[in-house]
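These protein sequences, in sequence, are chains H and U. Using our numbering, read the first sequence as starting at 1 and increasing by one per residue. Using our numbering, read the second sequence as starting at 1 and increasing by one per residue. Where is the CB? At the ideal position from N, CA and C, for every residue including glycine.
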Amino acid sequence: MLTMIGKRLMFAIPSLIGVVIVTFLLTRALPGDPAAYFAGPAATKEAVEQIRKKLGLDKPLIEQFFRYTNDLAHGDFGNSLTTGQPVATEIRNRLPASAELTLLGLIVSIVIAIPLGVLAATRPASWIDHLCRITTTAGVSLPVFFTGLVLVYVFYFRLGWSPAPLGRLDVFYSAPPTVTGFYLIDTLIARDFEAWRSAFSQLILPATTLAIFSLAPIARMTRASMLAVLASEFVRTARASGLSPATVIVTYAFRNAMLPVITTLSMVFSFLLGANVLVEKVFAWPGIGSYAVEALISSDFAPVQGFVLTMAVMYVLLNLIIDILYGVIDPRVRLEG
Amino acid sequence: MKRRDFLKSVSGLAAGAVLPAAPSVISSAKADARSETLLIVSEGGPNNLDIHGVGTNVPGYEVSWNCYDRLISHEMKSGPGGVPYYDRDKFKGELADDIKIDDMSVTFKLKKNAKFHDGAPVTAKDVKWSLDRAVSVGGFPTFQMSAGSLTKTEQFVVVDDSTVRVDFLKKDRLTIPDLAVIVPCIVNSELVKKNASEKDPWGLEFTKQQTAGSGAYKVTKWTAGTEVIMERNEDWVGGPLPKIKRVIWRMVPQAGNRRALLERGDADISYELPFKDFQEMKANGKLNVVSLPFSNGIQYIGMNVTKPPFDNPKVRQAMAYAMPYQKIMDAVLFGLGNPMFGAAKDKATDVAWPQPTKYFTDMEKAKALLAEAGYANGFETTISFDLNFAGVNEPLCVLVQESLAQLGIKTTINKVPGANWRTELNKKEMPLFTNVFSGWLDYPEYFFYWCYHGNNSVFNTMSYKSAEMDKFIDGARTAAATGDKAAYEADVKGFVDLAFADVPRIPLYQPFVNVAMQKNVTGYQYWFHRRLDYRAMAKG
């Protein structure tokens, strides 16, 4: 097992190197001159040149690249020019915000989508199957920012049930001391239940928005793979042997149908983590997606590179975890490089 | 019962049931804090707390303005609609107690009890170090200082511990006003020097993250891109102690949500909303909406005069007659702007800027002028705009495109990403574009020096060069410095007339700065930098 993990991590190294090179070149190829941008509206040509020198952008590309990789090797992702902070710190602070939101959204989504998919598969063409189809189609065809705005409009602006969409905590609470970076956990550790409630109520709407969007792939995949498994011979045998329907479906069929669902989950998770930019924008969520997009808009190289690199690392790790999970769920799956 | 009260009472009940009553006490303390706290929501936040830093953005100026003091500042006067408006011509001491202007220098006596946030007294050494820093760090601050002929560290002289003299390089009317802008702020030199390094002698890395001034507020927490929290400096001597104890400034990227926060009463003040929202909020009267013209600012259509067809003044005049002025005012701005067109034919030119041109939409005249210039069948061109301000620029360019199509001019719209806009302006290759220029220093010759002078600064986006124009502008600058009123007036009228006759750029309107706030928020003041000054604000 450990050698397998080690092997897998080794294989990830070339792809990470590739990511470093490609992001470096891509950010350099972006239109726009960061020196002119940061020199401000009233800059003269000399001022722009001064800034360029300060940012090290007057050096040849190859030298910039070696500097960058050297810094990376020392764990230095560089400084963001738009927020003025070291990129590593920013990502460390923002990743938990995105992860907490995405995880919660995903959990909500799983809790709804998997039973829905299973039920739809066991009763094809029944009302529950149609319900499954309608919810998933609706969920996936509504753009997330739209769902988010509608939810804010109804639950905050009209009904006033939800707190102001102002990020992770109500303005008058202070953040708990950082242990995990997840406010729901950190507030509990700090035994600050009021802040926990505030953090939780801030999470409800954005997490629901994400859940609505990610329902579709999970429910559809569950339904499809359950249908395939239910039609297979071992299920027929189990049924013929007089096992209760619950045992057949949960113990035998569902376990076998889980592999593609897990794969989908990993895809959905990594997709949501990077792509919930719009949700973050709507709810003023201090997450990693909005950070990367803002950096991109202002030609701020370092955060973009840092973001892509972090995402690549996360992707590698996530795939590894999924592969390990495969083995746990289905012993027939052998883990090899 | 309000939602917040309701939630509070519910949480009080719940807490009371489960725990001892302590949490509910905390809650009511929080409610009290709210009345002395100003909650601002805006799209963008600062990237640097120090205006001397590399690439500090405009929200960063707001922090600097409120957390640092300058030697002098402006008095207030009553502006349009009774809103307090900074008085361009009247100065008052902020850190300075006494100001003595001589022929070639100005001497400031510092307030005796002025202290930095860490308790260190503000001395003449700090002032010199800060001004030296502003003219030395390069980039925007140094550029802004040079606009007032402040370029050399030798100009700043320590007379004694509490007296500083600023020597003039030459006579320049803009030197004193330039000492009252945001840039020449006074920094705690000892504190910053302790945190400076060989690579960073001015300690820019240190002041990027924290404020080291003597101003009315100090930043206690800053999470870039999320929030800035500022607390009142109880020992401030720059003016009367501000009423607001705490300022929480949250970044809310979604304009619709900012409006919802205001309308639900959760946020106190916001700006940067679409014009349509401001117009609607004005109409429904639940909030106070202040709309004031940018001082010395104009949105215009520029034309590159070095290349055909816009090298021909007849074509440029035709363009000026073909602009859909009123449509832009109505459909793009919803009336929130001052028209800069359609002055009466016989109106004499004012000694003022901005002032409206005598152009108005007249397609027949435009057609005739175009035919005279030899373009009876029109031509093809591209109109560019900055995507950062797409809310105004995009509909504006579409209207222009439509209007020009009637003359047979085929226009393609080129959307330039914000990060790229300055590079494009600097290249001076765009044939046709729209842009805004607004000067911090509110003097006609200042505007013209940047926008029309043959030294071809970044803002002379049209590459316009005219010896006659330069003579007027230089003449006005000299006349202003020496106080020759008659010559000054003649020169200002001269350059305005020439700019309108030659029309390298077509003025459209003077934009408005719009701020929406709760009815109980008072004390909003308009400043040349157009950002908020918390020091005068209060929550009633």
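Check: Let me check understanding here. Comparing Cα to Cα, which of H:196, H:245, H:157 and H:258 lies closest to residue 173 of chain H?; Outcome: H:196
Check: So is residue 104 of chain U in contact with chain H if we call contact Cβ pairs under 8 Å?; Outcome: no
Check: At a Cβ cut of 7 Å, what residues of the stretch 154-174 of chain H count as close to chain U, listed as they run along the chain?; Outcome: 156, 157, 160, 164, 165, 166, 167, 171 and 172
Check: With burial defined as no fewer than 16 other Cβ atoms inside 10 Å of the residue's Cβ, what is the status of residue 277 of chain H: buried or exposed?; Outcome: buried
Check: In this structure, does DSSP put residue 516 of chain U in helix, strand or coil?; Outcome: strand
Check: What does residue 226 of chain U reach in chain H if we use C-beta pairs closer than 7 Å?; Outcome: 167 and 286
Check: For residue 384 of chain U, does the count of other Cβ atoms within 10 angstroms reach 16, so buried, or fall short, so exposed?; Outcome: buried
Check: What span of residues does the alpha helix (DSSP H) with residue 552 of chain U cover, start to end?; Outcome: This structure cannot settle anything about residue 552 of chain U, because the visible part of chain U is limited to 1 through 540.
Check: Determine whether the Cβ of residue 253 of chain U lies closer than 8 Å to any Cβ atom of chain H.; Outcome: yes
Check: For chain U, is any of its Cβ atoms less than 8 Å away from the one on residue 95 of chain H?; Outcome: no
Check: Using a Cβ distance threshold of 8 Å, determine whether the stretch 83-95 of chain U contacts the stretch 68-75 of chain U, with at least three qualifying pairs required.; Outcome: yes
Check: In angstroms, rounded to a whole number, what distance separates the CA positions of residue 57 of chain U and residue 182 of chain U?; Outcome: 13 Å
Check: I need the boundaries of the beta strand (DSSP E) containing residue 124 of chain H, first residue and last residue.; Outcome: Premise fails: residue 124 of chain H is in no beta strand (DSSP E) and is neither H nor E.
Check: Round the Cβ separation of residue 312 of chain U and residue 428 of chain U to the nearest angstrom and send it over; I've been treating them as touching at under 8 Å.; Outcome: With 8 Å as the limit, residue 312 of chain U and residue 428 of chain U do not qualify as a contact, their Cβ atoms being about 18 Å apart.
Check: Indicate whether residue 499 of chain U and residue 487 of chain U have their beta-carbon atoms separated by less than 8 Å.; Outcome: no
Check: Using Cβ-Cβ distances below 8 Å, what residues of the stretch 230-261 of chain U are close to chain H?; Outcome: 248, 250, 251, 252, 253, 254, 256, 257, 260 and 261
Check: Short of 8 Å in beta carbon distance, which residues of its chain neighbour residue 88 of chain H, apart from the five on each side in sequence? Order them along the chain.; Outcome: 75, 76, 77 and 306
Check: With respect to the alpha helix (DSSP H) encompassing residue 326 of chain H, which residues constitute its N-terminal and C-terminal limits?; Outcome: 301-329
Check: Please confirm whether residue 426 of chain U has its beta-carbon closer than 8 Å to some beta-carbon of chain A.; Outcome: In the structure shown, chain A cannot be found, because the protein chains are H and U.
Check: Find the residues of chain H that neighbour residue 533 of chain U, judging by a C-beta separation of less than 7 Å, and give them in chain order.; Outcome: Per Cβ cutoff of 7 Å: no residues; residue 533 of chain U is ~21 Å from chain H at best.
Check: Do residue 156 of chain U and residue 128 of chain U have their CB atoms nearer than 8 Å?; Outcome: yes
Check: Here's the rule I'm using: 16 or more other beta-carbon atoms within 10 Å means buried, otherwise exposed. How should residue 159 of chain H be labelled?; Outcome: exposed
Check: Give the interface partners of residue 282 of chain H over in chain U, defined as CB-CB distance under 9 Å, in chain order.; Outcome: 253, 254, 256 and 257
Check: What residues match up with residue 496 of chain U in a beta bridge as DSSP calls it?; Outcome: According to DSSP, residue 496 of chain U bridges with nothing at all.
Check: Using a C-beta to C-beta distance shorter than 7 Å, which residues of chain U count as neighbours of residue 268 of chain H?; Outcome: Per Cβ cutoff of 7 Å: no residues; residue 268 of chain H is ~24 Å from chain U at best.
Check: Measuring alpha carbon to alpha carbon, tell me which of U:386, U:411 and U:123 ends up nearest residue 398 of chain U.; Outcome: U:411
Check: Please report whether the beta-carbon of residue 448 of chain U lies at a distance below 8 Å from any beta-carbon of chain H.; Outcome: no
Check: Which complete alpha helix (DSSP H) runs does the stretch 232-274 of chain U hold, if anything under 4 residues is left out?; Outcome: 255-263
Check: Could you tell me which whole beta strand (DSSP E) segments of length 3 or greater appear in the stretch 335-366 of chain U?; Outcome: 337-339
Check: Take residue 374 of chain U as the anchor and find which of U:105, U:315 and U:387 has the nearest alpha-carbon.; Outcome: U:315
Check: For residue 205 of chain H, name the three-state secondary structure that DSSP assigns.; Outcome: helix
Check: Check whether the stretch 400-407 of chain U and the stretch 344-357 of chain U touch, using three or more Cβ-Cβ pairs below 8 Å as the test.; Outcome: no
Check: Which of helix, strand or coil does DSSP assign to residue 142 of chain U?; Outcome: helix
Check: Roughly how many whole angstroms lie between the Cα atoms of residue 293 of chain U and residue 242 of chain U?; Outcome: 26 Å
Check: I believe residue 167 of chain U touches residue 148 of chain U by the beta-carbon criterion, under 8 Å. Please report the beta-carbon distance rounded to the nearest angstrom.; Outcome: The pair is not a contact, with the Cβ atoms about 13 Å apart (cut-off 8 Å).
Check: Residues of the stretch 290-318 of chain H with a CB closer than 9 Å to any CB of chain U: list them in chain order, please.; Outcome: 290, 291, 294, 296, 297, 298, 299 and 300
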